[in-house]
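Here the structure is laid out as structure tokens; the discussion comes afterwards.
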Amino acid sequence: MIRISLLQFRVQALVAAAALAAFAILLAVTGPHIASLYAADGLASCHAGDCQNDAGYFSFQLAAGGYQALYLVSIGIILFAPAVIGLFWGAPLIARELETGTAALAWNQSVTRTRWLAVKLATVGLTAMAVTEGLSLMQAWWAAPLGRAVGQGAPSSPLTQGRFTQLIFASHGITPLGYAAFAFALGVTAGALIRRTIPAMAVTLAVFVALQIATPLWIRPHFAPADHAAIAVIPGREAGGATGPGGTTLTLVATSLQGQPGAWILSSGPVNAAGKPVSITPAACAAPSVATSPDFYSCLTSQGIKESVTYQPASRYWPFQWAETALYLAAALALAATSFRRLRRRLC
Amino acid sequence: MSAVIEAVGLGKQYRRTWALRDCTLTVPAGHVVGLVGPNGAGKTTLLRLATGMLAPTRGTITVLGTPPAQGPAQLARVGFVAQDTPVYTRMTIADHLRFGTWLNPGWDDGLARRRIGELGLDPKQRGGSLSGGQRAQLALTLALAKRPELLLLDEPVASLDPLARREFLRGLMEAVAEGGLSVVLSSHLVADLERVCDYLVVLVASHVRITGEVSALLASHHRLSGPRRDPATLPADQTIITESHTDKQSSLLVRTSGPILDPSWAVTPVSLEDLVLAYMSRAAEDPSARRPQLGVVS
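Quick mapping for you: the protein sequence lines, in order, are chains V and S. In terms of the working numbering, the first sequence opens at residue 13 and continues consecutively. In terms of the working numbering, the second sequence opens at residue 935 and continues consecutively.
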């Protein structure tokens, strides 16, 4: 059964191998240049504390060199690979057999349907996981100097994002394994339930994309209770400030937290001395003469306003990676179990 | 001999509609059985239940003494050629044979290769490029080469041209002639069955109308024509299957175990097709009416 599964999968496997090779060539051609720029900028030998300028220059150089597009495209490929696999490997796996009637051929050999599906899921599913993780590892090698530059204090930019940001978190580490297994199982199950390839593909895409959006917004932040910090107001953090009947609104947007490099900031905003959130600028600081002057922030501080930041510390990166991967793998197993039940009960 | 298929109160429901309902039948071993019936009689559903591709909603079915598709050993004993004889369009004939080899411990590769050779098929040809007749032959080859005890075929020749049809059935008969193979072949084309079947099951609306060996069926059915008369006056051992009357003439198709002695009847033998059509049209009327009322057909 394994041999026949591989025989029937060889075209898709060749396409995947070609895609992996193309990706590898693209990164192998451009990667050494990034590494050489990193070395030329003195980042390889600088010591903590005085690297920040060099790191910033390095990221500027890369952006000017047109690497931003390549960087984002390569991440996009990793993020979309599971969806493509779910659509083109998962959805047709059962649905096409039913549509073309070849299910009658496949399931009337001396192999039970359960075994047929188990072997297909294992061979194609493991390939899906390997391909996606392969893309991710190649890109991680390519972008390693960027990651080091982030650690050395490069300012945040599309090229230099912390690894807890959505794009990096979802395309590196072990999460691609979970996404690939899940998207594949989703496609297979949609095909088994809907029994037609194209609608199954549509459902697979819709559900996968919806989950990829929902995960960083509503699921990932809750893998561990978030930490809170109330810090002194930092100049330059306020955004907006519309004046209405109740006064001038006050918002503070934190993108990083002192002493917590690489932390994932979930939310931030002003609180008063009692720790209660405030949304209106204190009257004492609201006067235009103050509000537009550099004294604004010291005025806020004198009024007891602090900046409250809710965050997940950088040290939780790997626990979160494991949690998210485990969650997606568990969902993949549950979907696979549904396919097995469906296949055993009623088909054709 | 024992039964190859035994169904009791078998039913299969799709959402609200019953594809097969309360079907009870026994198919004996060692025959080439023709399963005939109008479209929608439940032939395909019955065969798919027999392969285990469908699970029954009600009742039970056993195939070769065990529930269908119970495990690899049971699967190996039953071959199936589905309606429209599907094959993998992107796989070559050689790939299909590999498929058979790898998935069936009892695979007879010599038989498969010999059949492909005799059919003049190029092993490098893809499934999608085969004609309907070639595709059917490939599907039959796959089913035969796993060396089943029971071969189920669902309308295998319905979409083939007459020549391809004859060649397909000839291939089937050659396999049967080697012995040890029971066949159940569904069709709504009686002419095909006449050529190959020695046993008949007429299925109408999930129910078996008549079943038996073809020779016995033909010997026990007669067409009677003669002056018009009331069918109620027939001898008790003669059962009317169909009747038609004009002002002066009556024409009956009757079943009887004894000879027809009444000299006023002209007795002619019936063909298998007449017989099947008679039972199918009888069922179209009220099946509970054993003696239909006298009607005039002008």
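Note that beta-carbon positions come from the ideal geometry of N, C-alpha and C, so glycine has one too. Just so you know, these numbers come straight off a predicted model, no measurement behind them.
Cβ-based burial, residue i [other Cβ within 10 Å; buried from 16]
i, result
"residue 23 (chain V)", "exposed"
"residue 10 (chain V)", "The structure shown has nothing for residue 10 (chain V), since chain V only spans 13 to 360."
"residue 188 (chain V)", "buried"
"residue 1058 (chain S)", "exposed"
"residue 132 (chain V)", "buried"
"residue 1038 (chain S)", "buried"
"residue 1162 (chain S)", "exposed"
"residue 1073 (chain S)", "buried"
"residue 1158 (chain S)", "buried"
"residue 98 (chain V)", "buried"
"residue 213 (chain V)", "buried"
"residue 307 (chain V)", "exposed"
"residue 323 (chain V)", "buried"
"residue 225 (chain V)", "exposed"
"residue 1176 (chain S)", "buried"
"residue 289 (chain V)", "exposed"
"residue 1167 (chain S)", "exposed"
"residue 355 (chain V)", "buried"
"residue 1182 (chain S)", "exposed"
"residue 7 (chain V)", "Since the first residue of chain V shown is 13 and the last is 360, residue 7 (chain V) is not available in this structure."
"residue 1214 (chain S)", "buried"
"residue 279 (chain V)", "exposed"
"residue 1155 (chain S)", "buried"
"residue 947 (chain S)", "exposed"
"residue 287 (chain V)", "exposed"
"residue 1023 (chain S)", "exposed"
"residue 154 (chain V)", "buried"
"residue 1229 (chain S)", "Because the pLDDT at residue 1229 (chain S) is just 43, under 50, the model does not fix this residue reliably, and the value given afterwards should be weighed accordingly. Per the 10 Å Cβ criterion, exposed."
"residue 1067 (chain S)", "buried"
"residue 27 (chain V)", "exposed"
Reduced DSSP secondary structure (H/G/I, E/B, other) of residue i
i, result
"residue 970 (chain S)", "strand"
"residue 1177 (chain S)", "strand"
"residue 121 (chain V)", "coil"
"residue 319 (chain V)", "strand"
"residue 1203 (chain S)", "strand"
"residue 1183 (chain S)", "strand"
"residue 946 (chain S)", "strand"
"residue 177 (chain V)", "coil"
"residue 1138 (chain S)", "strand"
"residue 1125 (chain S)", "helix"
"residue 954 (chain S)", "strand"
"residue 268 (chain V)", "coil"
"residue 304 (chain V)", "coil"
"residue 57 (chain V)", "coil"
"residue 172 (chain V)", "strand"
"residue 207 (chain V)", "coil"
"residue 1256 (chain S)", "Any question about residue 1256 (chain S) goes unanswered here, given that chain S covers just 935 to 1232."
"residue 1080 (chain S)", "coil"
Chain-ordered neighbours of residue i on chain V, where CB pairs are closer than 7 Å
i, result
"residue 1014 (chain S)", "116 and 120"
Identity of the residues DSSP links to residue i by a beta bridge
i, result
"residue 1014 (chain S)", "S:1086"
"residue 276 (chain V)", "V:324"
"residue 939 (chain S)", "S:961 and S:997"
"residue 240 (chain V)", "V:322"
"residue 283 (chain V)", "V:289 and V:318"
"residue 1237 (chain S)", "For chain S, the structure presents residues 935 to 1232; residue 1237 (chain S) sits outside this window and is missing."
"residue 1158 (chain S)", "S:1186 and S:1201"
"residue 1060 (chain S)", "S:1026"
"residue 1117 (chain S)", "S:966 and S:1085"
Closer than 7 Å at the beta carbon, the chain S residues around residue i
i, result
"residue 16 (chain V)", "1033, 1036 and 1037"
Listed by chain order, chain S residues near residue i by CB distance under 9 Å
i, result
"residue 13 (chain V)", "1036 and 1037"
"residue 19 (chain V)", "1025, 1029, 1032, 1033 and 1036"
Residues of the segment 107-133 of chain V with Cβ closer than 7 Å to any Cβ of chain S, in chain order: 112, 113, 114, 116, 117, 119, 120, 121, 122, 123 and 124
Selection of the segment 1018-1052 of chain S by Cβ proximity to chain V, strictly under 8 Å: 1018, 1020, 1021, 1022, 1023, 1024, 1025, 1029, 1032, 1033, 1034, 1036, 1037, 1038, 1039 and 1040
Members of the segment 1126-1153 of chain S near chain V, C-beta cut-off 9 Å: Among the residues of the segment 1126-1153 of chain S, none has a Cβ less than 9 Å away from any Cβ of chain V.
Within 8 Å of chain S by C-beta, residues of the segment 147-159 of chain V in sequence order: For chain S, none of the residues of the segment 147-159 of chain V brings a beta carbon within less than 8 Å of one of its beta carbons.
Members of the segment 211-243 of chain V near chain S, C-beta cut-off 8 Å: none
Selection of the segment 1054-1083 of chain S by Cβ proximity to chain V, strictly under 8 Å: 1073, 1076, 1077 and 1080
The segment 992-1011 of chain S: positions lying closer than 8 Å to chain V by Cβ: 1003, 1005, 1006, 1007, 1009 and 1010
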